[in-house]
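This report refers to the structure that appears directly beneath it.
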Amino acid sequence: MRPVAEDRTAVPKAEDNACDRRSLHERIAADLRDEIMSGDIPPGESVPSTQQLKTRFVASNATVQKALQVLKAEGLVVGRPGASVTVRPHRQRTLRPAWRPRRDRSRLLDVAEVRPPADVAAAMNLMKNGTALLRSRIVLFDDEPVELVKSYYPLDIARGTPMMEHRAIGEGAPALLAELGHPPRRCVDRVSARVPTQEQYRALEMPGDLPVLRTFRVLYDEGDRPIEVSVMAKAGHLQELEYGFRS
């Protein structure tokens, strides 16, 4: 008996139902995106043909083309008239949470004394209307913006130090904090998916109606004082988090 060949047309269709209010082209794009990101359609391989997608999703040619255009805008696939649409090399990055700085290139955007958002102020134990030092930057990977970072520091620690200057900190903020007598000892991350703000949308050059992965990180010194609070936003469709635990 011959082996049964894989038939993607047999995959459950993106059916109309009250639980999913997205348009059909958005649902088609979502299913294909998941297959690309999971490796079911690996880099270099063609996505199912227009006719296969029309049959699978009971969709018109225009709807299928609109779905593929979404994936092209996200940089997941590439195609040209008369040729098949193929999956690009994966741009998704696996992040292993840690306070130590990564080797990505970054560009400093702003250094200023500000009144931080309420959640940052609470984490820093600031008095009402208290201020902190803000250092914001955009992180670039292969010259593409991948993360918008806003880091806040207590002014009594930051004043009179290179942290107040509009330039990169040589060995990074954690190393400077250690030199200032506040060595980082632990951090706590809260990760959530958010609709991007206008600033995040522009800075990360988001391709469409996609979420950002928001990490709210509090860094503590050996006395358990919060010495840095960072709000980091990453394009959600290009990032995944990896955590490891030992029993």
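The opening position of the sequence shown corresponds to residue 56 in the numbering used here, with each subsequent residue numbered one higher. The beta carbon of each residue, even a glycine, is placed where N, CA and C say it ideally should be. For clarity, every value in this text was computed on a predicted model and none was experimentally measured.
For residue i, which residues in the same chain have their Cβ closer than 8 Å to its Cβ, ignoring the five residues on either side in sequence?
| i | result |
| --- | --- |
| A248 | P266, V267, L268, R269 and G291 |
| A167 | L188 and L189 |
| R222 | L163 |
| P97 | V142 |
| M219 | V166, L188 and A213 |
Along the chain, where does the beta strand (DSSP E) that runs through residue i open and close?
| i | result |
| --- | --- |
| M92 | M92 -> not in any beta strand (DSSP E); alpha helix (DSSP H) instead, spanning L79 to S93. |
| A194 | Ala is not the amino acid found at residue 194; the sequence shown has Val there. Taken as a continuous stretch (DSSP letters only), the beta strand (DSSP E) holding V194 covers A187 to F196. |
| D165 | R160 to V169 |
| P239 | P239 to R249 |
| E295 | Q294 to L296 |
Could you tell me which residues DSSP puts in a beta bridge with residue i?
| i | result |
| --- | --- |
| M218 | Answer by DSSP bridge pairing: none, since M218 is not bridged. |
| M287 | V204 and T270 |
| Y275 | R241 and P281 |
| T141 | S101 and V133 |
Could you pull out every residue in the same chain whose Cβ sits closer than 7 Å to the Cβ of residue i, ignoring the five residues on either side in sequence?
| i | result |
| --- | --- |
| E277 | P238 and R240 |
| S101 | S139, V140 and T141 |
| D75 | R82 |
| S302 | none |
Under 6 Å Cβ to Cβ from residue i, same chain only, skipping five residues before and after it: list those, please.
| i | result |
| --- | --- |
| V284 | V175, A178, M179, Y207 and V273 |
| A288 | L203, Q255, V267 and R269 |
Compute the beta-carbon to beta-carbon distance between residue i and residue j, rounded to the nearest angstrom, for a pair I have assumed lies under 8 Å.
| i | j | result |
| --- | --- | --- |
| L210 | T186 | 6 Å |
| V286 | F300 | About 25 Å; that fails the 8 Å criterion. |
| R143 | G130 | 6 Å |
What span of residues does the alpha helix (DSSP H) with residue i cover, start to end?
| i | result |
| --- | --- |
| L123 | N116 to A128 |
| E234 | A228 to E234 |
| E254 | Q253 to A258 |
Problem - Contact between the segment 112 to 131 and the segment 75 to 85 (3+ Cβ pairs under 8 Å) - result: When C-beta atoms of the segment 112 to 131 are compared with those of the segment 75 to 85, three or more pairs fall below 8 Å, so the two segments count as touching.
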